[in-house]
Amino acid sequence: MSYNNIGLPTPRGSGTSGYITRNVSHIKPRGPPVKPGKDFEDASDLARDAWRKEPAKEIVEHDLKRQIEVKCMELRDQLEDEGADEEEIEKRVEYLRESLIKRSKRTPQRSPRRDFR
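For the sequence shown, full-length UniProt numbering gives the first residue as 1, with consecutive numbering after it.
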């Protein structure tokens with residue numbers, strides 16, 4: 001069945017019923033109308049507050065542990081390239097890890113991307 005030259009001339013042999021549906025995938029869904037005034041200001045305040053939202057404590061702690069381990073692995077690679085023996089490498093890496101953990105507990109956690117330099 002063809003309607004306004006859309007669809008199949010005949011559904012025979014096509015494996016379909018020939019029913020034509022409208023394509024609405026390109027149409028944007030409509031939301032409630034935006035009223036200027038107090039509602040609009042409240043929405044911007046909410047967006048501003050969401051921007052200032054602090055990250056979760058667990059995520060900050062995990063990121064801090066990752067940074068500590070990265071520094072430890074960098075030291076390990078450097079010592080292995082210099083040819084230090086395994087006991088010396090383990091001792092120095094463990095000392096660095098403990099000192100970074102102590103330093104992280106002493107300083108307040110301001111941001112998730114704190115650097116140890």
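Cβ atoms here follow ideal geometry from the backbone N, Cα and C, with glycine treated the same way.
Touch test, the region 85 to 104 against the region 67 to 76, Cβ-Cβ under 8 Å, three pairs minimum:
The answer is yes - the region 67 to 76 touches the region 85 to 104, with three or more Cβ pairs under 8 Å.
Considering just the uninterrupted stretch of the alpha helix (DSSP H) at Ile-20, what are its terminal residues?
On the sequence shown, position 20 is the one that residue 20 refers to. Premise fails: Ile-20 is in no alpha helix (DSSP H) and is neither H nor E.
Can you list, in chain order, the residues of its chain whose CB lies under 8 Å from that of Leu-96, leaving out five sequence neighbours each side?
On the sequence shown, residue 96 is found 96 positions in, with the first residue counted as 1. Shown here for Leu-96: same chain residues with a beta carbon closer than 8 Å to its own, the five before and five after excluded, namely Lys-71, Cys-72 and Leu-75 in chain order.
Assuming Leu-8 is part of the alpha helix (DSSP H), what are its boundary residues?
Numbered from its first residue, the sequence shown carries residue 8 at position 8. Careful: Leu-8 lies outside any alpha helix (DSSP H) and carries neither H nor E.
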